[in-house]
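**Q** The following block contains the structure, expressed as structure tokens.
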Amino acid sequence: MISAAMKEALTLADEDRLIYDLGGIQQQYDQIHNALPEVDIRFAMKAGPVDQIVRCLRRKGAGFDAASPNEIIQALSNGADIHRVHYGNTIKSDQQILHAYWLGIRDFATDSMEDVSAIARNAPGVNVFCRLSTTGSGALWGLSKKFGCSQEQAIQVMLKAKTLGVNPAGLSVHIGSQQMQASSWDETFLVLEETVGQLRQQGIMLEYINLGGGLPALGYLDKTGSPLTPSLNCIFQAMQQGMARLNSVAGKQLKFIVEPGRFMVADQGAIRAHVSRLTLRKQLDGSHQYWLYLSCGKFNGLYETDELRYRLVFPHHSDQKMLPAVVAGPTCDSDDVFCFKHNLIDVPASIQSGDPVWVLSCGAYASSYSTQGFNGFAPLPISFTQLPIVTQDTSSVPSSLQSPFVSEQYAASVG
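If you use our numbering, the sequence shown corresponds to residues 114 to 528, in order.
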């Protein structure tokens, strides 16, 4: 689960950093494109809002799923085609809708009467796609409550959109983040088929279906340390079959969109961290417990340690005696612990403060979830297997893209 380029970059790094393999990210794009050649691939920016990643995927042909005006600005600043950027967040204020509209966005997600009415007021004539709720069964994160609506309400929202003068162009789903089961795709496509058919009966002929994210990374461990091994071939096959059925129900060739985020960057990102301290402490029950404290944790790159386990490599300590330890991050927050309630992790007995540790398959959300200096720990610097170290600097964003009032001319130029 580690490329030669990534291994070399981790080996050469003499300080903590988050490293991305841009060549590996391009290969992830190719894997989806080869499996689903008819699908429009739009990177979910929240998973890796790093300029070099955005440019890398834009050059490959990706569009972008943006969750806020700032993500839209970042996509445009890195050369994205405005017609292949959509506002995929169902939660947005009137001001955010207006800002996105002035930036040139013409496709908006929705899931409620209130939101579609706000879109109609602030972004007249645009396309809307209504997000359907899914159970999230089979995913590490189900995403089944905060977003989406029932089939019945989705039909009402789409009919309302038509009366308000916005185009009811599509439906969307999200099957859950890190979806492990192909059967969950089968269930979701059944819901889509029913809804597409009912909308057709109401005179609404959809143009596209947004299948969202959920494609899984392959390098994770579960809370007990066992590999998470989803079958990508089965998942892609279920998607291909489901799309064919949807075309039949729609009576036309629909356009399909996917929003891979985690799949693109998780296995192509790794952190070079170091050991703060290995300790043996007597607990309140009288037992003794080893604790390994690392220089990174939940608040500076590894936010998802509550639901999964990352693979740890101790490059200077192969074939050494191992000890069962609780692994934790460096902060003073008691939640900054790796799956403490579930299992201990074997670590080298001879490990010393300062020794390097590699955290693999942690590229998804590593930069976007990092706090901006909690306990004085700064976000990790970012480097690449093919590019020098960079520091993210939003001050480089063109001023013409920073305000809905200044960017009217730009929006007009892109239609």
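Ideal placement from N, C-alpha and C gives every residue a C-beta, glycine not left out.
Please name the residue, chosen from I348, P182, L189 and V460, that lies closest to R168 on a Cα-to-Cα basis.
**A** L189
**Q** Among L253, L473 and C262, which residue has its Cα nearest to the Cα of A383?
**A** L473
**Q** Just the Cα atoms here: how many angstroms apart are Q314 and W298?
**A** 24 Å
**Q** Among N280, T124, I186 and Q311, which one has its Cα closest to the Cα of N240?
**A** With distances taken between Cα atoms, N240 lies closest to N280.
**Q** So which of G467, F490 and G489 has the shortest CA-CA distance to D127?
**A** G467
**Q** If you reduce the DSSP assignment to three classes, tell me which class I322 lands in.
**A** For I322, the three-state secondary structure derived from DSSP is strand.
**Q** Which runs of the beta strand (DSSP E), 3 residues or longer, sit entirely within the stretch 183-216?
**A** 198-200
**Q** With DSSP collapsed to three states, give me the class of G410.
**A** coil
**Q** Between the stretch 338-346 and the stretch 383-395, do at least 3 Cβ pairs fall closer than 8 Å?
**A** no
**Q** Could you say which of Q209, L405 and E300 lies nearest to A231 if we only look at CA atoms?
**A** Q209
**Q** Tell me whether A363 is buried or exposed, calling it buried when 16 or more other Cβ atoms sit within 10 Å of its Cβ.
**A** buried
**Q** Can you give me the start and stop residues for the beta strand (DSSP E) that G374 sits inside?
**A** Here G374 belongs to no beta strand (DSSP E), and DSSP marks it neither H nor E.
**Q** Taking only three categories from DSSP, how would you classify Q311?
**A** helix
**Q** Quick check on the burial criterion: 16 or more other C-beta atoms within 10 angstroms. Buried or exposed for K411?
**A** buried
**Q** Three-state secondary structure (DSSP) at A274?
**A** helix
**Q** Please report the distance separating the alpha-carbon of E320 from that of Q402.
**A** 59 Å
**Q** Quick check on H287: buried or exposed, where buried means 16 or more other Cβ atoms within 10 Å of its Cβ?
**A** Counting C-beta atoms within 10 angstroms of its own C-beta, H287 has 16 or more neighbours from the protein chains shown and is therefore classed as buried.
**Q** Hey, how far is the Cα of G325 from the Cα of S400?
**A** 47 Å
**Q** Per DSSP, what kind of secondary structure is S250 in: helix, strand or coil?
**A** coil
**Q** Taking only three categories from DSSP, how would you classify H430?
**A** coil
**Q** Identify, in the order they occur along the chain, each residue of the same chain with its Cβ nearer than 8 Å to the Cβ of K120, setting aside the five sequence neighbours on each side.
**A** If we look at K120 and ignore the five residues flanking it on each side, it has no Cβ neighbours.
**Q** In the DSSP assignment, find the alpha helix (DSSP H) that holds Q140 and state where it starts and stops.
**A** L135 to A148
**Q** Check the C-beta distance from G192 over to R219 and give it rounded, since I have them as a contact under 8 Å.
**A** That pair is no contact at about 18 Å.
**Q** Compute the Euclidean distance between the alpha carbons of T418 and A274, then round it to the nearest angstrom.
**A** 41 Å
**Q** To the nearest angstrom, how far is the alpha carbon of V310 from that of N360?
**A** The residue you asked about is not Val; residue 310 is Gly in the sequence shown. Their Cα atoms are separated by approximately 10 Å.
**Q** When you compare each of T444, G174 and D459 to S408 by their alpha carbons, which one comes out closest?
**A** Nearest to S408 by C-alpha distance, out of T444, G174 and D459, is T444.
**Q** For I186, does the count of other Cβ atoms within 10 angstroms reach 16, so buried, or fall short, so exposed?
**A** buried
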